[in-house]
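Structure record follows, encoded as C-alpha cells.
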Amino acid sequence: RKEVEQDPGPFNVPEGATVAFNCTYSNSASQSFFWYRQDCRKEPKLLMSVYSSGNEDGRFTAQLNRASQYISLLIRDSKLSDSATYLCVVLNTGGFKTIFGAGTRLFVKA
Amino acid sequence: GAGVSQSPRYKVAKRGQDVALRCDPISGHVSLFWYQQALGQGPEFLTYFQNEAQLDKSGLPSDRFFAERPEGSVSTLKIQRTQQEDSAVYLCASSSQGVSAYEQYFGPGTRLTVT
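As C-alpha cells, this is what we get:
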C-alpha cells in the first residue's frame with residue numbers, strides 16, 4: 064500500500080462547479096501536509112499548507128482529519144485555469160522525506 | 008528574482024552511459040531536494056541536503072545514483088550506467104529553511120530518456 068493515496072480522476076467539471084478531492088495517508092506519525100498544483104509538463108507549485116484547524120485561501124479550502132488520516136481540498140466556483148493535477152504531500156515526524164501522492168487530475172470545462 | 012534552474016532541460020543517453028544533472032537553487036536556500044517523476048506519477052523523493060550535508064538519501068533507487076552539493080549551493084545528481092528504467096523527469100527543489108516543512112520551490116526539471 065502506498066504511503067499517500069489519491070483518486071487519480073480525472074474529474075471533469077463545468078465552470079462554476081464545486082469539486083472536492085481526498086487524500087489518505089498511512090503513517091499516523093505524519094506531521095505536515097500540503098497541496099501542490101502541477102500543470103501539464105510544468106513543475107509543481109505550492110497551492111496551500113493544511114493546518115489542523117483547517118484553512119481557507121479564497122476559493123480553496125483544505126482540511127485535515129487526523130483520526131481518519133486524510134486531508135481534503137475543496138475548490139469552489141471552479142475556473143478554467145484550475146485545470147491541473149493536484150498533488151497531496153505529506154511529511155513524517157522527524158524526517159526530511161517529502162511524500163507526494165500520484166495526483167488527481169482536474170479538467171474544468173466552459 | 009531568479010528561481011531554481013536545472014540543466015540540461017533534456018538529456019538523451021544510451022543505456023550504460025553516465026549522466027550528470029545540475030541544479031542551481033534559489034540563492035541562500037538552505038534545503039535542497041531531488042525527486043524523480045515518472046509519467047503520470049507524483050514526484051518520488053530521492054535525497055535531501057541541508058547546506059552541504061546530505062541528511063537523507065533513502066530514496067536513491069540504487070548505488071548507481073549519487074548526489075552532491077559540495078559548497079552548499081549548486082547540486083549535481085549523477086547516474087552511472089544508465090538503464091531504461093531511469094527514464095523520467097528529475098526535479099530539483101529548494102527551500103529557505105533548514106527543515107522540510109516549508110514551501111519547496113521547484114525547478115523545471117531535466118527530462119532524461121535512456122535509449
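Protein chains in written order, with the numbering used here: chain A, 64 to 173; chain B, 8 to 122.
We put the CB at the ideal spot given by N, CA and C, even for glycine.
These numbers come from a predicted model, not from an experiment.
Contacts between residue 113 of chain B and chain A, judged by CB atoms closer than 8 Å, involve 106, 107, 108 in chain order.
In the structure shown, residue 63 of chain B adopts extended strand secondary structure according to DSSP, grouped into three states. Residue pairing by DSSP puts residue 43 of chain B in a beta bridge opposite B:51, B:97. For residue 121 of chain A, none of the residues of chain B pass the 9 Å Cβ criterion, the least Cβ distance being about 17 Å.
Contact with chain A is absent for residue 82 of chain B, since none of that chain's Cβ atoms lies less than 9 Å from the residue's Cβ. Secondary structure of residue 116 of chain A (DSSP, three-state): coil.
Distance from the Cα of residue 103 of chain B is smallest, within the candidate group B:97, B:96, B:112, for B:112. Within chain B, the C-beta atoms nearer than 8 Å to that of residue 164 of chain A come from 49, in chain order. Close CB contacts of residue 142 of chain A within its chain, under the 7 Å cut and outside five residues either way in sequence, are with 78, 171 (chain order). Residue 92 of chain B is classed as exposed because its beta carbon has fewer than 16 other beta carbons within 10 Å across all chains shown. Two segments are said to touch when three or more pairs of C-beta atoms, one from each, lie closer than 8 Å; by this definition the region 69-81 of chain B does not touch the region 145-152 of chain A. The CB of residue 116 of chain B comes closer than 8 Å to the CB of 106 in chain A, given here in chain order.
Each residue's CA atom was taken as its position, placing residue 153 of chain A and residue 72 of chain B some 24 Å apart.
Non-local C-beta neighbours of residue 140 of chain A in its own chain, meaning closer than 7 Å and more than five positions away in sequence, comprise 79, 122, ordered along the chain. Measuring C-alpha to C-alpha distances from residue 133 of chain A to each of A:156, A:169, A:114 identifies A:114 as the nearest.
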